[in-house]
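Asker: Sharing a structure, written as structure tokens. Questions coming.
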Amino acid sequence: MERCRRSWILIILLLAATPSSARQTDALLDHPMLLTDRGSVDLLEEVRRTIMFMQFARAESLLDRLNNRPDGAVAAAYYKATIGLLEVLLFDTEESDELFLERSDELLELLAKQEPSISRSWLRADAIQQRMWAWAKNGRYVRAAFAGNAAFLAFESVLEEDPTFYEAYKGIGLLHMAIGALPKTYQTFLKFLGYSGGLDRGIAELRLSADSSQYSREEALVFLATLDVYGLSSAVEAISVLDGLRREYPGSPLFGLAYGDALIRKMRSPEAETVLREVVRFTAETGAVEIDYVHFFLGESLYRQNRFEEAREWFESFLEKHAGRALKVRARLHIGECLEMEGNREDALAWYEITIAVRDMEEELVAARRAGNLLGRPMDAADKALLRGHNSFNSGNLEAALPEFERVYEEDLATETQKGEAAYRLARLAHVSGDLEEAEIWYRRSIEKPGDPQAKWAPWGLFHLAHIAVKENRKEDARDLLGRLSDYDSKYDYQPTLERKARLMLDRLNAQSR
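If you're matching positions, the sequence shown starts at 91 in the numbering used here and goes up one per residue.
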């Protein structure tokens, strides 16, 4: 049940940002996107369809054109923010967070300058709800709650002014559903504060949006279908609805992902595999932005067909590509299970250990120690270079990371701790690049002079040296290096994880020598 709940939340978050095609109307009076020219409406339709096919570069170019039209600034800003939100939900990087908030701020500032109208009020409500989705995705629940409160009041105000303004029913429907999903004690408290909700009410509002709104039909249908997938009656049949959207937008990665997940949950994994492979092909052939989650769900569709080797490759691909934490624990567990089903118990144990080792507490301890160090003194140039380099390394930009680390190591004013970190980072960079000889040199330097007894550089450097020794079939050297880990009496960052990994490696070596 927990797995289903998390997958449901993921799909809801992802598709919350999905644009939908407008139904054409003859009149442009108080157009929901504040457009006054038919040419602008047509251009916006091209933008929206392009976004749904995840062709962001083309969409950005079209939005620049729309922004240059006399009536297009608000609509362009809204959909630039929408692209930013999609990138937050898809990529889980600090850069995408910053881009979205910058664009969202620009949209809200632009709306504040518009003449009062019901469309302006709705756009403001939706913009605030976008911020709620972004903060909720990143675990900033207090900020998300405040944004949800503001969005709720804004949507209610729109519908009090005009109950036939159907664009607002999707947003208020989702919020009513969220309140209805809370425990009764919370619902009672919120009701006391003036907030009502309920699953049935939210579903009815989503149905109204799907049937009558100009710009929210597809989104509302996807939400209703998702409810059906996870066993909550929504008066729609998920497979039929999502298959219809997939045929309406052939190859769309967003609708393909939702449909593939639905097929998996509906025990139709072979069909899910077909759909998800179509998405992979579409992405490769059109240059659309790749959705990492497609790799996870394709792996799951294969896993459920007992095609373990193929499934493992897709789970590994997901882990390599995705920067965030969503679904990673499940992917690691499934990799272990796939390996064991392939008869490789030894490697499976490593994945089980990694899965077990993922604990927020350990991460929090490391973060707290770093925060304490930063409280003691501000970041200097070397600290900033290390941070830039580390971020570049983590994002796969090794060329950008290299000069940052080299600069710190060669800097006369850098502390021993900073030099120790720089040496370790240079070792990791060389290691992942396949230059094991260079990696050994830098690991040994980080071990000899780590600068900080609580830093990970020395003990983790020993472990990585042992890993290289195993790769080069120097098993006795590896045992000696792992044995030296017991010399570190003081606590260091990520010690429990390292001890488990080292113990597993040593057990493997001992088993091989029997």
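Beta carbons are placed, not taken as given, at the ideal position from N, Cα and C, and that holds for glycine.
Can the beta-carbon of residue 166 be found closer than 7 Å to that of residue 156?
Answerer: Here residue 166 refers to the residue found at position 76 of the sequence shown. Here residue 156 refers to the residue found at position 66 of the sequence shown. It is a contact, given that the beta carbons lie within the stated cut-off.
Asker: Does chain B have any CB closer than 7 Å to the CB of residue 251?
Answerer: This model lacks chain B altogether, as it is built from one protein chain only.
Asker: My understanding is that residue 529 touches residue 520, with C-beta atoms under 8 Å, so please give their C-beta distance in whole angstroms.
Answerer: Counted from its first residue, the sequence shown places residue 529 at position 439. Counted from its first residue, the sequence shown places residue 520 at position 430. The Cβ separation is near 4 Å, so the contact holds.
Asker: What is the rounded straight-line gap between the Cα of residue 332 and the Cα of residue 364?
Answerer: Locating residue 332 in the sequence shown gives position 242, where the first residue counts as 1. Locating residue 364 in the sequence shown gives position 274, where the first residue counts as 1. Their backbone Cα atoms lie some 14 Å apart in a straight line.
Asker: Just how far apart, CA to CA, sit residue 328 and residue 354?
Answerer: Numbered from its first residue, the sequence shown carries residue 328 at position 238. Numbered from its first residue, the sequence shown carries residue 354 at position 264. About 12 Å.
Asker: Do residue 256 and residue 209 come within 7 Å of each other at the CB atom, strictly closer than that value?
Answerer: The sequence position of residue 209 within the sequence shown is 119, counting from 1. The sequence position of residue 256 within the sequence shown is 166, counting from 1. No, the pair does not count as a contact, with Cβ atoms beyond the cut-off.
Asker: Quick check: the Cα distance between residue 228 and residue 182, rounded to an integer number of angstroms?
Answerer: Taking the sequence shown and counting its residues from 1, one reaches residue 228 at position 138. Taking the sequence shown and counting its residues from 1, one reaches residue 182 at position 92. The straight-line gap from Cα to Cα measures roughly 8 Å.
Asker: What separation, rounded to the nearest whole angstrom, lies between the Cα atoms of residue 495 and residue 252?
Answerer: Residue 495 sits at position 405 when you count from the first residue of the sequence shown. Residue 252 sits at position 162 when you count from the first residue of the sequence shown. Computed Cα separation, rounded: 59 Å.
Asker: Alpha carbon to alpha carbon, what distance is there between residue 300 and residue 417?
Answerer: Position 327 of the sequence shown holds residue 417. Position 210 of the sequence shown holds residue 300. So the alpha carbons of these two residues sit roughly 30 Å apart.
Asker: Are the CB atoms of residue 547 and residue 540 nearer to each other than 7 Å?
Answerer: By one-based count along the sequence shown, residue 547 stands at place 457. By one-based count along the sequence shown, residue 540 stands at place 450. Taking 7 Å as the Cβ cut-off, residue 547 and residue 540 qualify as a contacting pair.
Asker: Smallest Cα separation from residue 215: which of 378, 501, 247 and 391?
Answerer: Residue numbering aside, residue 215 sits at position 125 when the sequence shown is read from its first letter. Here the closest residue by C-alpha is 247.
Asker: Please classify residue 503 as buried or exposed, where buried requires at least 16 other C-beta atoms within 10 Å of its C-beta.
Answerer: Position 413 of the sequence shown holds residue 503. With fewer than 16 other Cβ atoms within 10 Å, it is exposed.
Asker: In terms of residue numbering, what span does the alpha helix (DSSP H) encompassing residue 499 cover?
Answerer: As a working note, residue 499 is residue 409 in the sequence shown. Counting along the chain, the alpha helix (DSSP H) containing residue 499 begins and ends at 488-500.
Asker: Over the uninterrupted alpha helix (DSSP H) stretch that includes residue 122, give me the two end residues.
Answerer: Translated into the one-based positions of the sequence shown, residue 122 becomes position 32. Neither: residue 122 is in no alpha helix (DSSP H) and is coded neither H nor E.
Asker: Could you compute how far the alpha carbon of residue 498 sits from the alpha carbon of residue 491?
Answerer: Translated into the one-based positions of the sequence shown, residue 498 becomes position 408. Translated into the one-based positions of the sequence shown, residue 491 becomes position 401. Taking the straight line from one Cα to the other gives about 11 Å.
Asker: State the DSSP-derived secondary structure class of residue 381, mapped to helix, strand or coil.
Answerer: Numbered from 1 along the sequence shown, position 291 holds the residue referred to as residue 381. Three-state result, residue 381: coil.
Asker: Return the CA-CA distance between residue 431 and residue 602, expressed in angstroms with no decimal places.
Answerer: Mapped onto the sequence shown, residue 431 falls at position 341. Mapped onto the sequence shown, residue 602 falls at position 512. One C-alpha to the other measures close to 21 Å.
Asker: Going by Cα to Cα distance, which pick from 394, 410, 414 and 413 is closest to residue 424?
Answerer: Looking up residue 424 in the sequence shown gives position 334. The shortest Cα separation from residue 424 among 394, 410, 414 and 413 belongs to 394.
Asker: Quick one: is residue 151 buried, meaning 16 or more other Cβ sit within 10 Å of its Cβ, or exposed?
Answerer: Indexing the sequence shown from 1 puts residue 151 at position 61. Classification of residue 151: exposed, given that the 10 Å Cβ count is below 16.
Asker: Does residue 576 pass the burial test, meaning 16 or more other C-beta atoms within 10 Å, or should it be called exposed?
Answerer: Counting from one through the sequence shown, the residue named residue 576 turns up at place 486. Burial call: exposed.
Asker: Does the stretch 139-153 come within contact of the stretch 334-345, defined as at least 3 CB pairs closer than 8 Å?
Answerer: Yes: at least three Cβ pairs fall under 8 Å.
Asker: Would you kindly work out how many angstroms separate the C-alpha atoms of residue 568 and residue 581, rounded to a whole number?
Answerer: Position 478 of the sequence shown, counting from 1, holds the residue named residue 568. Position 491 of the sequence shown, counting from 1, holds the residue named residue 581. In a straight line, the C-alpha of residue 568 is about 23 Å away from that of residue 581.
Asker: Residue 160 by DSSP, collapsed to three states: which one?
Answerer: For the purposes of this step, residue 160 is identified with residue 70 of the sequence shown, where counting begins at 1. In this structure, residue 160 counts as coil in the three-state DSSP scheme.
Asker: Whose C-alpha, out of 219, 553, 414 and 435, is nearest the C-alpha of residue 261?
Answerer: Position 171 of the sequence shown, counting from 1, holds the residue named residue 261. Answer by Cα proximity: 219.
Asker: Under three-state DSSP, which class holds residue 351?
Answerer: Stepping through the sequence shown from its first residue, residue 351 is reached at position 261. Three-state DSSP puts residue 351 in a helix.
Asker: Over the uninterrupted alpha helix (DSSP H) stretch that includes residue 233, give me the two end residues.
Answerer: Here residue 233 is taken as the residue at index 143 of the sequence shown, counted from 1. 231-251 is the extent of the alpha helix (DSSP H) around residue 233.
Asker: Should residue 242 and residue 265 be called a contact, given that it needs their Cβ atoms to be closer than 7 Å?
Answerer: Taking the sequence shown and counting its residues from 1, one reaches residue 242 at position 152. Taking the sequence shown and counting its residues from 1, one reaches residue 265 at position 175. Yes, the Cβ-Cβ distance between residue 242 and residue 265 is below 7 Å.
Asker: Looking at the structure shown, is residue 554 part of a helix, part of a strand, or coil, going by DSSP?
Answerer: Locating residue 554 in the sequence shown gives position 464, counting from the first residue. Note: residue 554 maps to helix in three-state DSSP.
Asker: In this structure, how does DSSP classify residue 521 when only helix, strand and coil are distinguished?
Answerer: If you number the sequence shown from 1, residue 521 lands on position 431. Residue 521 falls in the helix class under three-state DSSP.
Asker: What residue does the alpha helix (DSSP H) around residue 373 start on, and which one ends it?
Answerer: Numbered from its first residue, the sequence shown carries residue 373 at position 283. Its alpha helix (DSSP H) spans residues 359-376.
Asker: Along the alpha helix (DSSP H) that carries residue 292, what are the first and last residues, could you check?
Answerer: By one-based count along the sequence shown, residue 292 stands at place 202. Start and end: 289-302.
Asker: Counting C-beta neighbours from all protein chains within 10 Å, is the total for residue 122 16 or more, i.e. buried, or is it exposed?
Answerer: The residue given as residue 122 occupies position 32 in the sequence shown. It is buried - the Cβ of residue 122 has at least 16 other Cβ atoms within 10 Å.
Asker: How is the alpha helix (DSSP H) around residue 405 delimited, first residue to last?
Answerer: Reading the sequence shown from its first residue, position 315 is the one you call residue 405. Residue 405 -> alpha helix (DSSP H) spans 398-411.
Asker: Go ahead and pull the three-state DSSP assignment for residue 330.
Answerer: As a first step, residue 330 is located in the sequence shown; it is residue number 240 there, counting from the start. DSSP places residue 330 in helix when its eight states are reduced to three.
Asker: Report buried or exposed for residue 250, applying the criterion of at least 16 other Cβ atoms within 10 angstroms of its Cβ.
Answerer: The residue given as residue 250 occupies position 160 in the sequence shown. Residue 250 is exposed by the Cβ-count criterion.
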